[in-house]
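I have placed the structure first, in the form of structure tokens, so that the comments after it can refer back to it.
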Amino acid sequence: KQWYQRRVRGSPITLVYNSHNGPVYDVHFSHAHRNLFLTASTDGTLRLYNTLQPKPFQVLEPVAGYVFSVQWSPVRPLVFAATTANGSLLVYDLKKNRISPTLQIPVTQSPVHSLAFNRKSSDVLSTGDSRGSVKIWKLSEGLSTPIKGEQRILDRIAASSYE
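Last residue of the sequence shown? That's 807 in our numbering, and every number before it is there in order.
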């Protein structure tokens with residue numbers, strides 16, 4: 645539970661952040677802001693960090709259970725998705741709601757371990773589950789089309805996270 649800047653010569657570790665209460669299964673940096681990253685953990689939380697601060701500036705508890713993967717949308721700076729042990733795909737749109745998922749899809753009865761946005765087709769998202777199934781999902785236009793001014797909103801969120 646400590647944060648410090650590593651000054652050991654030759655060490656690849658630069659910064660250490662406040663830890664989750666369980667294993668971290670995924671970490672994903674925002675493509676739209678150099679200082680923001682998301683984490684997914686078995687403690688049932690998604691955490692949004694600013695690299696300039698040791699503590700997460702937002703902690704989301706979407707489900708009672710593990711969160712296995714998280715990824716930012718490649719086209720919408722305020723949208724990210726996560727997968728859970730209870731078989732759900734969660735899509736967040738921070739422009740609409742900073743606490744709850746905008747979309748929750750029951751993918752399967754088994755854990756969903758992975759997800760990936762398609763960088764060439766912004767409305768396509770895939771999931772992989774513990775039974776070996778891969779599913780492709782089509783996102784709505786509202787979740788997959790860039791919105792004017794969205795980058796400014798993300799910049800304000802990032803700036804307010806270390807004030």
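Using N, Cα and C, we set each Cβ at its ideal position, and we do this for glycine too.
Open item on the list: Which residue marks the beginning of the alpha helix (DSSP H) containing I801, and which one marks its end?
Closed with: Walking along the sequence shown from the start, residue 801 turns up at place 157. Counting along the chain, the alpha helix (DSSP H) containing I801 begins and ends at E794 to S804.
Open item on the list: Within 10 Å of its beta-carbon, does G688 have 16 or more other beta-carbons around it, so buried, or fewer, so exposed?
Closed with: Taking the sequence shown and counting its residues from 1, the one referred to as residue 688 is at position 44. Classification for G688: buried.
Task: Nearest residue (CA-CA) to L704, options T752, E794 and R742 - done: The residue labelled residue 704 in the question sits at position 60 within the sequence shown. The shortest CA-to-CA distance from L704 to any of T752, E794 and R742 is the one to R742.
Task: S805 to Q702 span [Cα, whole Å] - done: The count along the sequence shown starts at 1 and reaches residue 805 at position 161. The count along the sequence shown starts at 1 and reaches residue 702 at position 58. Between the C-alpha atoms of S805 and Q702 there is a straight-line separation of about 9 angstroms.
Task: Own chain, CB closer than 6 angstroms to L747, minus 5 neighbours either side, in chain order - done: On the sequence shown, residue 747 is found 103 positions in, with the first residue counted as 1. Once the five neighbours on either side are set aside, the close Cβ partners of L747 are V735.
TODO: Would you tell me roughly how many angstroms separate the C-alpha atoms of S758 and L696, rounded to the nearest one?
DONE: The residue labelled residue 758 in the question sits at position 114 within the sequence shown. The residue labelled residue 696 in the question sits at position 52 within the sequence shown. L696 has its alpha-carbon roughly 28 angstroms from the corresponding atom of S758.
Open item on the list: Less than 7 angstroms between the C-beta atoms of L692 and V714, yes or no?
Closed with: Indexing the sequence shown from 1 puts residue 692 at position 48. Indexing the sequence shown from 1 puts residue 714 at position 70. It is not a contact, given that the beta carbons lie outside the stated cut-off.
Task: Simplified DSSP assignment, three categories, for Q646 - done: The sequence position of residue 646 within the sequence shown is 2, counting from 1. With a pLDDT of only 47 at Q646, under 50, the local geometry of the prediction cannot be trusted, and no value is derived from it.
- [ ] Could you give the DSSP three-state label for L738: helix, strand or coil?
- [x] Locating residue 738 in the sequence shown gives position 94, where the first residue counts as 1. In the three-state DSSP reduction, L738 falls in the coil class, being neither helix nor strand.
Open item on the list: Taking the alpha carbon of Q795 as the reference point, which residue from V751, S774, N730 and L722 has its own alpha carbon closest?
Closed with: Along the sequence shown, read from residue 1 onward, the residue named residue 795 stands at position 151. Of V751, S774, N730 and L722, the residue nearest in Cα terms is L722.
Open item on the list: Would V707 and A684 qualify as a contact pair, given that the criterion is a beta-carbon distance under 7 angstroms?
Closed with: In the sequence shown, residue 707 corresponds to position 63, counting from 1. In the sequence shown, residue 684 corresponds to position 40, counting from 1. Not closer than 7 angstroms, so no.
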